[in-house]
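Take a look at the structure set out below.
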Amino acid sequence: MKNKFTDPIDLSILWNRLISLVDEAASTLQQTAFSSVTRESADFAIVLMDSKGQSMVQSSISVPSFLGVLPFLVKSLIKNYFPQEVLKPGDVLITNDPWLCAGHKPDIGIVTPIFHPNQTHIIGYIGCIAHSPDIGGTLWGAGARDFYEEGLYIPPLKLIESGKLNDTVIKIIEGNVRAPYQTLGDIMAQVAANNQGIQSLMQLVNEYGLEDLDGLSDQIIQATENAMRQAIRNAPDGVYKSRYEADGDAENHPVTIECTVTINGDSIHVDYTGSSPQHPLAINAVMNYVFAYTAYPIKCIFNPEIPNNEGAFRPVTVYAPEGCILNAKKPAPLGARNVIGNLLHAPVMLALSQAVPEKVQADCGAPVWVMPLSGTKDDGTEFVEYLFLAGGYGGRNGLPGPPTLCFPTNVANVPVEVFEHDAPVLVLEKKLIPGSGGSGKFPGGDGQRFSYKNISKRPLQISNVTEKIKTQAYGLFGGEHGRKGDIFVITKDGKRRYTPPKGIDYLQPDEILVMELPGGGGYGKAE
Amino acid sequence: MNPKLILGIDVGGTFTDLALLFAESGRLILGKTLTTYPDPTPGIFSGINDLLQKAGISISEPEGIIHGTTLVTNAVIERKGEKTGLITTKGFEDILEIGREIRYDIYDLFISMPQPLVPTSKRFGITERINAKGEVITAPDLDEIRKIITELETEGVRSVAVVLLHSYLNPSHEKQIGNFIRRNYPHLYCSLSCEIIPEIREYERSSATVMNAYVQPVADMYLNNLSENLKSSGFKGFFQVMNSSGRLITAEQASKKPIDLLESGPAGGCMAGVYFSKKLSIPDLLAFDMGGTTAKASLIRESEPQITYQFEAAREKRFKKGSGLPVRIPVIDLIEIGAGGGSVARVNELGLLTVGPDSASSQPGPACYGNGGIYPTVTDADLVLGYLNESYFLGGKMKLCKEKAAEAIESFIAKPLGISVEKAAWGIHRVVNENMANAARVHIIEKGLNPKHFKMIAFGGAGPVHAYHVARLLHAPGLIIPGAAGVLSAFGFLVSQPAIEFTYSKVQKIDCLDFNDLNETFEKFKKEGMAYLLGAGADEKYLHFKISCEMRYAGQGHEIHVPMPLPPYHNKTGDDIKMLFENQYQQKFGRIMQGHNIETVTWRVLISGNPFFQQTARVVVEDGGAVLKGYRMAYFKGQYINTPVYNRYALSANTILKGPCIIEEHESTVVVGCEGEVFVDEANILHIQFVKNDEPVNS
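Respectively, the protein sequence lines represent chains S and H. Here the first sequence stands for residues 3 to 529, numbered as in this note's numbering. Here the second sequence stands for residues 26 to 724, numbered as in this note's numbering.
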């Protein structure tokens with residue numbers, strides 16, 4: 003039986019209640035997680051899905067990349083791995099398969115089927131993807147030469163079977179990662195988060211005597227889809243093209259994104275045909291991840307207000323030819339796929355600037371630079387630390403771009419005092435670069451200069467993932483481009499030396515790593 | 026000190042509330058007057074004069090005045106603080122502007138970030154450095170500071186914030202600079218981060234210190250003037266201020282650290298809840314306060330307010346977490362959502378009914394005020410449902426118009442949704458209740474606690490109207506409605522304790538804690554705190570010490586607040602601390618992590634005196650009306666029922682009333698549904714029990 007809610011007020015109330023329960027789950031995750039990526043940088047998402055794996059609601063705090071991904075993952079799990087009849091109450095599924103999950107191995111998906119209180123049937127799924135602190139392999143970044151160097155692969159498995167933890171899986175993970183208690187601690191925090199969500203859902207199911215979630219889900223998704231389609235219908239039909247140059251390795255292998263956006267009535271199709279082939283560096287992206295980062299800016303442009311669920315994505319389709327950098331195949335290395343995913347909004351917006359000029363923003367001096375470092379402190383303890391650095395934000399119609407602000411991903415920086423406490427470094431500078439944002443009627447935001455010195459007696463391993471060292475954030479409608487970024491090392495004797503913009507390097511004792519983050523583009527011609 | 030007569034004054038955005046307490050008899054006289062702008066002083070004095078006249082006493086008689094104010098909050102929100110300069114470690118001048126680089130709203134492309142309180146031209150770096158171990162790498166050069174001050178003075182700066190890296194570990198450089206400024210430039214205000222908020226994380230420390238500097242001249246002048254004016258009008262008693270964590274501080278202390286006043290009003294409400302928790306011997310309560318524009322909820326556990334250090338001021342988007350300026354001071358841990366009597370209801374593009382977060386506020390106000398408001402609000406719905414009395418709003422001071430309310434609901438809600446006006450009104454009532462219950466539930470679950478465990482205590486103008494249903498939605502075991510619902514904050518001031526808090530940030534693994542250092546630090550705090558409290562009139566016999574620590578598993582970034590044993594500490598204390606941490610962690614997260622290192626991050630030492638008043642208070646209102654005022658049609662269980670309406674002031678002790686019923690008082694109306702049973706106690710406090718606790722909540 004499908005529960006239908008004819009009363010618009012019941013529907014309003016139940017919908018809010020569902021959002022509230024995934025938020026409860028999110029707060030459980032954030033407070034029990036170990037990795038700074040999850041807790042401080044909130045690099046996760048929790049989604050409640052119906053029995054078909056369609057997303058109904060997502061946590062208010064979520065990283066955009068994970069949004070479309072969870073329903074995709076659950077649908078594949080149902081179809082190819084764990085059909086409903088093999089799932090039992092108390093089962094919890096795990097995988098980090100990049101093609102099913104979020105495009106690289108550190109992102110671990112935990113999915114818990116939700117049984118009706120009388121245990122007879124599955125009424126839905128709750129899923130949580132979070133960035134694990136470590137998954138083994140080479141240090142997270144663009145440096146791996148293939149998929150197999152990027153650490154442990156966890157195929158879709160039952161992490162917990164009928165309430166019993168699968169010790170074999172735990173032992174394999176434990177033996178393959180750098181900080182096992184952190185990685186396992188985060189996985190268990192994800193399990194706990196799902197449980198919290200289910201617990202609150204059960205209360206609601208009992209209160210309203212729900213047999214399933216599908217009727218409710220259909221209504222929520224349909225209402226959202228209608229609103230999204232209406233918003234798209236208001237934009238002019240047409241075929242809008244853009245070409246976007248990215249750094250690639252910032253040397254011999256640049257990357258080009260060809261983007262064709264077709265608005266046809268109430269739907270949008272994005273086609274990346276003509277984009278660069280798979281890249282030798284680990285910056286290749288997979289289709290579901292590319293879909294998430296393409297649909298995300300489209301939602302922001304057309305209907306930022308409506309709640310996010312399956313319905314917001316239905317009017318959007320995305321295509322990228324197999325074997326291109328946006329639809330990479332095994333064994334392509336994927337580690338730093340974020341630098342590619344995180345700039346897809348730019349070609350999409352550049353194309354859409356022809357259709358809805360007042361609704362797009364100039365390019366951001368992003369993607370966020372992810373700059374992990376690891377090594378051994380003088381007292382012998384090992385450490386891994388992640389630095390996230392944002393460039394300037396793009397100018398908007400009516401508003402300048404703020405300095406140093408993440409887009410489209412959303413991770414907080416690590417405070418200088420915390421960084422110096424956790425790693426043997428001395429930070430010399432964290433400062434805006436005045437004038438690095440492109441000028442314009444609404445100028446782009448400034449980037450920043452960040453430099454630190456290795457103050458230990460041993461070399462530090464660094465993994466650089468930069469972008470816009472060679473290219474620039476575009477300005478729109480006469481606004482200037484943002485200033486390029488730069489990365490280099492100052493040696494002990496004060497000389498400037500090369501360090502790869504993407505890849506692994508060693509920072510010797512007393513050497514200084516200098517990073518200059520790019521500025522955002524300006525919007526409109528300066529008067 | 027046991028004053029016999031004390032006066033609480035709460036200056037809010039719209040109203041200035043007053044409460045005069047005769048401590049020996051417990052007699053409480055209340056007053057309410059409009060807040061005056063830009064200077065609230067005339068409003069305060071007119072309120073005092075009215076109240077004194079009512080009580081038949083002179084200004085020389087009260088032995089103390091306790092004050093709470095929105096002045097500091099407003100100065101930050103409206104950017105009306107003083108021109109402020111920032112001196113910081115060279116190379117880090119822009120930390121204040123860079124912030125944490127994260128967006129508070131992931132879908133809004135047109136996001137705006139809060140502007141820093143100090144612009145680039147007034148932020149200066151000096152050559153100095155202390156490392157993460159607290160060791161000096163480069164000492165500051167005082168000549169450089171002199172030059173910077175000259176430049177700041179040319180810019181018209183009157184207040185200076187000093188924030189240097191790692192000063193929470195080693196404050197010597199900040200102190201050196203502070204002493205230099207205070208000695209050589211006595212006309213400048215100077216806030217040092219090591220004095221304001223000695224905690225790790227440079228952006229958060231800068232944000233709080235700069236905010237303190239920014240509001241200090243304004244707050245100092247205001248508090249000085251007020252206290253001078255009170256003195257010259259004949260007031261002879263002590264003058265204290267309510268801080269954000271529900272403690273009383275001297276005006277002098279408040280002038281030094283005015284950011285402590287950011288939440289002084291809301292803290293008063295919670296402290297009133299704490300008082301009732303003690304009086305009624307119900308240690309755990311959910312305090313629920315619903316006013317005209319917002320609703321607030323906070324937990325009281327073991328008759329103590331819950332404190333958080335995650336506060337933010339002046340949010341860019343009012344109810345959006347992360348959109349404000351962080352201020353990690355101790356603040357009563359409350360959630361605030363856009364749900365009040367004035368919250369506007371509408372049908373959104375998805376065809377759903379939404380309520381708030383925006384409010385029709387007092388101008389034009391809800392449609393039923395008849396001041397030109399056309400949109401339906403929560404108050405309009407409550408009126409249509411028969412919960413409110415058209416002719417007894419604010420005790421009859423204000424007439425409401427039911428037709429206008431029904432009209433607004435009809436055209437904006439009922440018609441678009443194709444339902445009847447009463448269904449629509451009931452929908453508004455339900456949706457706003459759901460919003461509040463959802464927010465409260467997330468708040469409680471975040472702490473690892475069970476919402477079903479907490480009885481609710483409700484106040485604020487709209488609180489008692491909605492509390493019944495909110496309590497049912499949370500499956501609360503009961504509901505308590507004290508009197509004086511409309512001015513409870515001012516009363517809360519009178520039942521709070523004078524206190525001072527010290528913090529000490531030191532990241533240490535618990536198996537290698539430096540006990541000598543901790544003991545010495547605690548001893549120093551104790552001495553300083555005692556001197557302060559005795560100076561503020563506290564009784565040495567009743568001084569109370571509390572130590573707590575923010576702790577975590579090494580590697581986690583989120584600390585939990587753990588109560589600690591009293592010093593002196595010795596080698597065995599480490600085991601106790603571990604156990605206390607694990608108990609707390611287990612309770613909050615349902616598990617502990619075997620074999621992980623545990624570390625301390627920030628120690629907090631709280632020293633407090635006794636509250637001035639702990640006996641039973643009773644509001645005295647000469648009303649003279651009958652107990653049963655009559656009957657009116659009110660909406661319960663899907664239909665209008667002829668419902669008895671009682672006069673709260675005439676209810677005698679031990680009365681029992683069965684729901685559905687309505688109980689009216691001046692500042693609010695208590696609505697009790699069909700499954701409620703009301704018991705009136707000696708102090709005219711209403712205790713509502715739910716007869717059936719598992720009834721479907723949507724009826």
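The beta-carbon is built from N, C-alpha and C at its ideal position, and this holds for glycine as well.
Check	Outcome
With a threshold of 8 Å between beta carbons, is L121 of chain H in contact with chain S?	no
My output table needs one value for S14 of chain S: the three-state DSSP class, helix, strand or coil.	helix
Quick one: Cα of N577 of chain S to Cα of S78 of chain S, how far?	As displayed, chain S neither begins before 3 nor continues past 529, which places residue 577 of chain S out of reach and without an answer.
Between which residues of its own chain and E384 of chain S is the CB-CB distance below 6 Å, once the five residues before and five after are set aside?	T378
Going by the beta-carbon positions, is the gap between N470 of chain S and P520 of chain S smaller than 8 Å?	In the sequence as displayed, the identity of residue 470 of chain S is Lys instead of Asn. Cβ distance < 8 Å, so K470 of chain S and P520 of chain S count as in contact.
Thinking just about the alpha-carbon of each residue, which of H:G33, H:I362, H:T58, H:P308 is nearest to the one in A48 of chain H?	H:G33
The beta strand (DSSP E) that contains S216 of chain H, what's its start and end?	214-217
Would F143 of chain S and P374 of chain S qualify as a contact pair, given that the criterion is a beta-carbon distance under 8 Å?	Note that residue 143 of chain S is Gly in the sequence shown here, rather than Phe. Yes, the Cβ-Cβ distance between G143 of chain S and P374 of chain S is below 8 Å.
Within 10 Å of its beta-carbon, does S384 of chain H have 16 or more other beta-carbons around it, so buried, or fewer, so exposed?	buried
DSSP has M658 of chain H in a bridge; who is on the other side?	H:N667
Considering only their Cβ atoms, is the gap separating L154 of chain S from I175 of chain S smaller than 8 Å?	yes
On the CB-based measure, 16 or more other CB atoms within 10 Å of its CB, does P410 of chain S come out buried or exposed?	buried
Nearest by alpha-carbon distance to V193 of chain S: which of S:D93, S:N236, S:K81 is it?	S:D93
Can you tell me which of the three DSSP states S323 of chain H falls into?	strand
So what's P721 of chain H in DSSP terms, helix, strand or just coil?	Low per-residue confidence applies at P721 of chain H: pLDDT is 45, beneath 50, and the placement is therefore not dependable, though the value from the model is reported in the following sentence. Note: P721 of chain H maps to coil in three-state DSSP.
With H, G and I counted as helix, E and B as strand and the rest as coil, what does DSSP make of M618 of chain H?	coil
Contact between the segment 300-309 of chain H and the segment 111-130 of chain H: three or more CB pairs below 8 Å?	no
With W451 of chain H and Y656 of chain H assumed to form a contact (beta carbons below 8 Å), what rounded beta-carbon distance in angstroms separates them?	Between Y656 of chain H and W451 of chain H the Cβ distance is about 20 Å, and since that is not below 8 Å, they are no contact.
Got a sec: which bits of the segment 49-70 of chain S sit with their beta carbon under 9 Å from any beta carbon on chain H, in order along the chain?	S62, I63, S64, V65, P66
Indicate whether S269 of chain H and D285 of chain H have their beta-carbon atoms separated by less than 8 Å.	yes
Reducing DSSP to helix, strand and coil, say where M3 of chain S ends up.	Its pLDDT being 46, under 50, M3 of chain S is placed unreliably by the model, and the measurement read from it follows with that caveat. It is coil, neither helix nor strand.
Nearest to Q1 of chain S by alpha carbon, out of S:P10, S:P369, S:K504, S:L215?	This structure does not reach residue 1 of chain S, given that chain S is present from 3 up to 529, and the question cannot be answered.
For L45 of chain H, which of helix, strand or coil comes out of DSSP?	strand
If we count Cβ pairs, one from each stretch, closer than 8 Å, do we get three or more for the segment 131-149 of chain S versus the segment 215-224 of chain S?	no
Anything in chain S within Cβ reach of G21 of chain H, meaning under 7 Å, just list it in chain order.	One cannot answer for residue 21 of chain H here, as it falls past the ends of chain H, which runs 26 to 724.
If you drop the 5 nearest sequence neighbours on each side, which residues of the same chain put their C-beta closer than 6 Å to that of Q534 of chain H?	According to the sequence as given, residue 534 of chain H is Lys; it is not Gln. Only N622, E624 meet the Cβ criterion.
Give every residue of the same chain whose Cβ lies closer than 8 Å to the Cβ of L31 of chain S, excluding the five residues on either side of it in the sequence, and list them in chain order.	T40, F46, I48, C130, A132, A191, Q192, A194, A195
Which of the residues in the segment 113-144 of chain H, read from start to end, lie with their CB under 7 Å from any CB of chain S?	G116, F117, E118, D119, I120, E122, I123, R125, E126, I127, R128, I131, Y132, D133, L134, F135, S137, M138
Excluding sequence positions up to five away, which residues of its chain have a Cβ less than 7 Å from the Cβ of I222 of chain H?	R230, A233, T234, R353, I354
Whose C-beta lies closer than 6 Å to the C-beta of C574 of chain H among residues of the same chain, with five residues either side of it excluded?	V587, M589, T625, W628
Helix or strand or just coil, what does DSSP make of I435 of chain S?	coil
Between S:Q363, S:L391, S:N344, S:F84, which has its C-alpha nearest S67 of chain S's C-alpha?	S:N344
What is the residue span of the beta strand (DSSP E) that D273 of chain S lies within?	269-273
For E176 of chain H, which of helix, strand or coil comes out of DSSP?	helix
Closer than 7 Å, Cβ to Cβ, to anything on chain H: give me those residues from the segment 158-183 of chain S, in chain order.	Y183
Cβ closer than 9 Å: which chain S residues qualify as neighbours of E86 of chain H?	Here the premise fails: no neighbours, minimum Cβ distance about 50 Å.
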